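J.: My questions will all concern the structure given below.
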Amino acid sequence: MCNRVLVVDDDGQLTAFLKRFLDKQGFKTDIAATGRDARHLLKSDTYALVVLDLNLPDADGLEIAGEIRHESQTPVIMLTARDEVYDRIVGLEIGADDYVTKPYEPRELLARIRSVLRRSTSNEPNNEPIEAQTIRFMGLELSLSQRTLINASDNHAIPLTNTEFTLLHALVQHANKVLSRAAIMDTLYGNSVTVTDRAIDAHVTRLRRKIDINDGSASLIRAVHGKGYVFAAELELVNFAREEQ
1 MCNRVLVVDD DGQLTAFLKR FLDKQGFKTD IAATGRDARH LLKSDTYALV VLDLNLPDAD
61 GLEIAGEIRH ESQTPVIMLT ARDEVYDRIV GLEIGADDYV TKPYEPRELL ARIRSVLRRS
121 TSNEPNNEPI EAQTIRFMGL ELSLSQRTLI NASDNHAIPL TNTEFTLLHA LVQHANKVLS
181 RAAIMDTLYG NSVTVTDRAI DAHVTRLRRK IDINDGSASL IRAVHGKGYV FAAELELVNF
241 AREEQ
């Protein structure tokens with residue numbers, strides 16, 4: 001597995017410390033101080049994860065996060081100031097996987113990096129012949145073995161981030177039952193990190209936009225006030241053997 005991490009931040013003293021810290025933890029860490037440098041490195045190298053400060057001297061960090069998500073499924077952790085609630089929500093809706101507020105403890109960032117990478121690794125497709133398990137609902141097919149979501153009407157894949165796939169899988173596993181925000185938080189991040197309810201809501205909002213493909217129909221993910229969310233759909237579980245091309 002690739003263990004290269006890109007840290008994008010213009011604080012030279014901080015990034016020098018982070019590089020030493022992360023390298024000691026077994027990562028190979030590259031540093032970009034500007035949006036321009038980050039774009040250059042992202043085009044020339046492959047990274048397991050990007051740590052991205054939203055406040056860069058020459059670029060909008062949210063724009064760069066959007067570019068990363070448009071081009072790849074590389075996980076992104078945002079670095080934000082404590083008063084940037086709106087930016088955090090927008091970043092999560094764009095497709096960032098997590099965020100850390102400044103100032104932060106390096107060990108917290110490390111925990112979040114490892115948590116996001118665990119989700120990313122568990123969602124990597126298996127290209128060998130498999131016994132595939134597919135769950136069908138409302139014109140969509142969710143392959144648990146290949147980590148894909150297909151629109152059955154045109155056989156096109158709906159791109160999901162690692163976080164979105166994990167969230168959808170959890171909701172499907174508890175179909176037609178309330179799944180609390182606390183349970184979702186634990187599924188997405190484990191008990192080593194803490195995120196706000198608004199962050200969970202942002203992930204749900206983004207997932208809704210991707211899976212609600214039937215115009216005029218109620219959303220598949222329905223909020224239950226004060227409790228959590230319900231995935232409201234009848235499921236069809238299919239097991240079949242196939243070899244991936």
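According to UniProt numbering, the stretch in the sequence shown is residues 1 to 245, in order. C-beta atoms are modelled at their ideal positions from N, C-alpha and C, and glycine is treated no differently. Small disclaimer: the values here were computed from a predicted structure and weren't measured.
Identify, in the order they occur along the chain, each residue of the same chain with its Cβ nearer than 7 Å to the Cβ of N214, setting aside the five sequence neighbours on each side.
T.: M138, G139
J.: Going by beta-carbon coordinates alone, are R181 and D197 separated by less than 8 Å?
T.: yes
J.: Quick one: is G190 buried, meaning 16 or more other Cβ sit within 10 Å of its Cβ, or exposed?
T.: exposed
J.: Which one or two residues does DSSP pair with H156 in a beta bridge?
T.: N151
J.: Report back the beta-carbon spacing between V116 and L109 to the nearest angstrom; my notes put them in contact at under 8 Å.
T.: With 8 Å as the limit, V116 and L109 do not qualify as a contact, their Cβ atoms being about 11 Å apart.
J.: Check whether the stretch 145-158 and the stretch 64-80 touch, using three or more Cβ-Cβ pairs below 8 Å as the test.
T.: no
J.: For D60, which residues of its own chain have a beta-carbon under 8 Å away from its beta-carbon, when the five flanking residues on both sides are left out?
T.: G35, L54
J.: Return yes when the Cβ of A48 is within less than 8 Å of the Cβ of P8, no when it is not.
T.: What sits at residue 8 in the sequence shown is Val, not Pro. Taking 8 Å as the Cβ cut-off, V8 and A48 do not qualify as a contacting pair.
J.: If contacts are defined as beta-carbon pairs under 8 Å, then I135 and L237 qualify, I think. What distance do you get, rounded to the angstrom?
T.: 6 Å
J.: Return the residue from the list F17, S219, D30 that minimises the CA-CA distance to N3.
T.: Taking only the C-alpha atoms, the option nearest N3 is D30.
J.: Pull the bridge partners of G228 from the DSSP assignment, please.
T.: S180, V224
J.: If you follow the alpha helix (DSSP H) that V85 is in, where does it begin and where does it stop?
T.: Its alpha helix (DSSP H) spans residues 85-94.
J.: Alpha carbon to alpha carbon, how far is D37 from K43? Give it in angstroms, no decimals.
T.: 10 Å
J.: Identify, in the order they occur along the chain, each residue of the same chain with its Cβ nearer than 7 Å to the Cβ of V90, setting aside the five sequence neighbours on each side.
T.: Around V90: L62.
J.: Return the chain-ordered list of same chain residues with a C-beta closer than 6 Å to the C-beta of L18, the five sequence neighbours on each side being excluded.
T.: Same-chain partners within the cutoff: V7.
J.: Between the C-alpha atoms of D10 and L22, what's the straight-line distance to the nearest angstrom?
T.: 17 Å
J.: Could you tell me whether the Cβ atoms of N176 and A232 are closer together than 8 Å?
T.: yes
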